[in-house]
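Number of protein chains: 2
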Amino acid sequence: MTIAEPTVETAGRDRILDEAASLFLKQGYEAASVRRIAEAVGMQAASIYHHFNSKEDLLEVILHRGLEVMTVAFDDASTATLGAPGRERLAAHIRAHLAALYENGPYTATHVTTFRTAPENVRTTIVPQRDAYEALWTTLLNDLLTSGVLTPDTAVGPARLMLLGGMNASVEWFDPQRGSLDDLAHLITRQTLYGLSNPLKN
Amino acid sequence: MTIAEPTVETAGRDRILDEAASLFLKQGYEAASVRRIAEAVGMQAASIYHHFNSKEDLLEVILHRGLEVMTVAFDDASTATLGAPGRERLAAHIRAHLAALYENGPYTATHVTTFRTAPENVRTTIVPQRDAYEALWTTLLNDLLTSGVLTPDTAVGPARLMLLGGMNASVEWFDPQRGSLDDLAHLITRQTLYGLSNPLKN
DNA sequence: GTCTATACCACGATAGAC
DNA sequence: GTCTATCGTGGTATAGAC
Chain A
182 MTIAEPTVET AGRDRILDEA ASLFLKQGYE AASVRRIAEA VGMQAASIYH HFNSKEDLLE
242 VILHRGLEVM TVAFDDASTA TLGAPGRERL AAHIRAHLAA LYENGPYTAT HVTTFRTAPE
302 NVRTTIVPQR DAYEALWTTL LNDLLTSGVL TPDTAVGPAR LMLLGGMNAS VEWFDPQRGS
362 LDDLAHLITR QTLYGLSNPL KN
Chain B
182 MTIAEPTVET AGRDRILDEA ASLFLKQGYE AASVRRIAEA VGMQAASIYH HFNSKEDLLE
242 VILHRGLEVM TVAFDDASTA TLGAPGRERL AAHIRAHLAA LYENGPYTAT HVTTFRTAPE
302 NVRTTIVPQR DAYEALWTTL LNDLLTSGVL TPDTAVGPAR LMLLGGMNAS VEWFDPQRGS
362 LDDLAHLITR QTLYGLSNPL KN
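Here the protein sequences come in this chain order: A and B.
Sequential numbering from 182 applies to the first sequence in the working numbering.
Sequential numbering from 182 applies to the second sequence in the working numbering.
So this is what it looks like as structure tokens:
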């Protein structure tokens, strides 16, 4: 075999990122030590520093990747529902955000749970990409408002914060091993659009 | 003055709890050191250990107090709306939970943000009280379902998780200094009951 | 009840061999 | 690219004077 093996050159690096993100998600950034991360990967703590300059650097890469997963999912949902009715477009984007949280590694869930208390310089670096993701949602909701899908008196800003907050909060209780992601997406879409009130008693 | 001064004997202790809860809220439990907490109080780190056995002990007391604040607020809302219509009762309890988060010290907000990654033995100690608070909400929502305020096909379990999750997630963006708590409560109540959908286009 | 002094340990990170 | 060995720091916590 003289043909080069199709090895992914970042395999070792990605392995570290996977384990680190999982531990940051479960224990929090400060509580997860570099030694413990290295143990999970199966190497010595010092070896981590061949791939990353610092523990903060590790977190920064993970937070960026979490946002990248969300953003790609959002864009995919957008192209997949280009001419579709407003309610379907919203449903697809909700489903996409939840898929980012539960189906593409721990990066997005880790982002969502660790960003608020991350070291300030790390947060500062992440903010622009984060603003860009939120702007995507603002644009989507504004479109739905303009096209009459949402009530005219909808405050788009708070609505976006509530919707994203509610989805992200599901990491506290939703277990993708036990529940169906489609069911969760359907539930959130329905509750967001129509609420819990009994329409017969309005 | 031979009459005893009405001093609160736990003032020093409460002072420590206040500063510790604030720092746990802002930086997370692990990142906030005992030395830093002591500095905020204006004493030496060693003095903290006259009032608490350990840093974990400090966290445990704070988490318990956070739940106590929530529970008292819930019960007050219950007695205040005893004979009231279902929608008003729901509105009052939503407002009460948000008041616990933003108006009675940092305890409830700290509980909500640090419980998930708290050391396991601490979490275990807290769980029963936490379950009791969630049971209060389950009972309330079941009442509203039985009395026809909520759609008959409402899944009370997920509805409770979504509602509490959405309210708790507001700690990431709501600033009680800048926004009105009544407005927030009204917004969440309205969105929970009726959703964002334009009723004219249903 | 608060202080000074300090024990002891785990942390992030580096040096340098292989 | 991973290892062993180690450095320096800051962490929780304790001892004992005042």
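Every residue gets a Cβ at the ideal spot worked out from N, C-alpha and C, and that includes glycine.
Source: prediction; values computed, not measured.
- Non-local beta-carbon contacts of Phe233 of chain A in its own chain, meaning distances under 6 Å to residues more than five positions away in sequence, involve Leu239 in chain order.
- Inter-segment contact for the region 330-340 of chain B and the region 358-378 of chain A is present: three or more beta-carbon pairs are separated by less than 8 Å.
- Within the region 270-356 of chain A, not a single complete beta strand (DSSP E) segment reaches 3 residues in length.
- Taking 7 Å as the upper bound on Cβ-Cβ separation, chain B lies near residues Glu211 and Ala212 of the region 210-242 of chain A.
- The C-beta of Ser351 of chain B has 16 or more other C-beta atoms within 10 Å across all chains shown, which makes the residue buried.
- The beta carbons of Leu206 of chain A and Thr294 of chain A sit about 6 Å from each other, so the pair counts as a contact at 8 Å.
- Taking the beta carbon of Thr298 of chain B as reference, the chain A residues within 7 Å of it are Gln208, Gly209 and Ala212, listed in sequence order.
- Bridge pairing for Ser203 of chain B: absent [DSSP].
- Under the Cβ distance rule, Tyr375 of chain A counts among the residues neighbouring chain B, one pair being separated by less than 7 Å.
- Membership of Phe255 of chain B in the alpha helix (DSSP H) is indicated by the continuous run Lys236 to Ala261.
- Contact between the region 258-274 of chain A and the region 299-314 of chain A is absent, with fewer than three C-beta pairs closer than 8 Å.
- For Gln372 of chain B, the uninterrupted alpha helix (DSSP H) segment begins and ends at Leu362 to Tyr375.
- Residue-level contact check: Asn302 of chain A does not touch chain B, since none of the beta carbons of chain B fall below 7 Å from its beta carbon.
- Distance from the CA atom of Ala280 of chain B to the CA atom of Ala201 of chain B, rounded to whole angstroms, is 20 Å.
- Put simply, the region 270-288 of chain B touches the region 239-258 of chain B. At least three CB pairs are less than 8 Å apart.
- For Ala219 of chain A, the enclosing alpha helix (DSSP H) starts and ends at Val215 to Val222.
- Under the DSSP assignment, Tyr210 of chain B falls outside any alpha helix (DSSP H); it carries neither an H nor an E label.
- Annotation: Cβ neighbours of Leu342 of chain A in chain B (cutoff 7 Å, chain order): Trp354.
- A straight-line Cα-Cα distance of about 11 Å links Arg268 of chain A and Ser328 of chain A.
- When the five nearest sequence neighbours on each side are left out, the beta carbons in the same chain lying within less than 7 Å of the beta carbon of His274 of chain B are those of Phe255, Ala258 and Leu321, in order along the chain.
- Following the DSSP letters along the chain, one finds Ser228 of chain A inside the alpha helix (DSSP H) bounded by residues Ala226 to His232.
- For Leu365 of chain B, same chain residues with a beta-carbon under 8 Å away, outside a window of 5 residues either side, are Leu279, Ser351 and Phe355 in chain order.
- Neighbours of Pro339 of chain B in chain A, taken as residues whose beta carbon is under 7 Å from its own, are Leu368 in chain order.
- The region 241-251 of chain A makes no contact with the region 215-232 of chain A: fewer than 3 CB pairs, one atom from each, lie closer than 8 Å.
- Using a Cβ distance threshold of 7 Å, Leu198 of chain A and Ile218 of chain A do not count as a contacting pair.
- The beta carbon of Ser214 of chain A is closer than 7 Å to none in its chain, skipping five residues each way along the sequence.
- Within a 10 Å sphere around the beta-carbon of Lys382 of chain B sit fewer than 16 other beta-carbons, which makes this residue exposed.
- At least one beta carbon of chain A lies nearer than 7 Å to the beta carbon of Ala350 of chain B.
- Linking Ala299 of chain B to Glu315 of chain B through their CA atoms gives a straight-line distance of about 19 Å.
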